[in-house]
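Participant:
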Amino acid sequence: ELSPGLSAFWGVTTQVLLMITQRPLIAFFRKQRDLGRQFTIGLKEVINGCDDGARNMIGIAVATRFFAVGARVPYIAADIGGIATQALVNPYYGIDGVTLLREGRSPSEVIDTLIAADDGRESRQLHVMDIKGQIATHTGRECIDWCGHIQGDGFSLAGNMLAGAAVLDDTARAYLANTALPFAQRL
């Protein structure tokens, strides 16, 4: 019997081989003469797809005492963006925010729209990031101290009920210092 890891390896290897050879095989059966060129195009598509996928990832990590936080804080739409609502969580920020991102609104427009209609906005934190890496954040004035947020190149951090600003600073430093790690481990 094969181990799950070895089975996954051969499954992925087979899939990549099929992706690379698809174009030359089609050219062969259509009796076209540019098999080498089609192979090169297929190989470039696989490499570019892997590279694009590695850069266009959005993830949300949350540490809290709140129950069921994974069902209430993060909202991510593939190829669109991600939203995190925290402090006094408003799940409609995530639901409606993803809809607004899909409509092409910028992260700052999403935040402006969501908080304008919410009487509880001063007790909430909200981060919005689109697939292009544009970020907008909101921390309400009534969030429990220490509270705040910081933005960096491709990331946003926020917290409330923290020991101080150094918690976010240290988290950002650790995230930036570990670029060699897989994305999920960095989070």
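Numbering (our numbering) for the sequence shown: 28 to 214.
Idealized CB from N, CA, C, for every residue including glycine.
#1: From the DSSP output, in three-state form, read off residue 158 for me.
#2: Would you mind reading off the limits of the beta strand (DSSP E) that contains residue 238?
#3: Quick one, are the C-beta atoms of residue 133 and residue 161 less than 8 angstroms apart?
#4: Start and end of the alpha helix (DSSP H) containing residue 51?
#5: What's the gap between the Cα of residue 155 and the Cα of residue 31?
#6: I'd like to confirm the pairing. Which residues does DSSP put opposite residue 101 in its beta bridges?
#7: Hey, is the segment 133-151 in contact with the segment 107-119, meaning 3+ C-beta pairs nearer than 8 angstroms?
#8: Provide the residue(s) that pair with residue 179 in DSSP beta bridges, ordered along the chain.
#9: Would you call the segment 189-202 and the segment 165-176 touching, i.e. three or more CB-CB distances under 8 angstroms?
#10: From the DSSP secondary-structure annotation, give me the bridge partner or partners of residue 151.
#11: Using only the alpha-carbon positions, how far apart do residue 58 and residue 42 sit?
#12: When you compare only the Cα positions, how much space is there between residue 206 and residue 212?
Facilitator: The structure says:
#1: coil
#2: Given a span of 28 to 214 for the chain in the structure shown, any question on residue 238 remains unanswerable.
#3: Residue 133 places its beta carbon less than 8 angstroms from that of residue 161.
#4: 31-56
#5: If you take the alpha carbons of residue 155 and residue 31, they lie about 37 angstroms apart.
#6: 111
#7: yes
#8: 182
#9: yes
#10: 114
#11: 24 angstroms
#12: Taking the straight line joining both Cα atoms gives about 10 angstroms.
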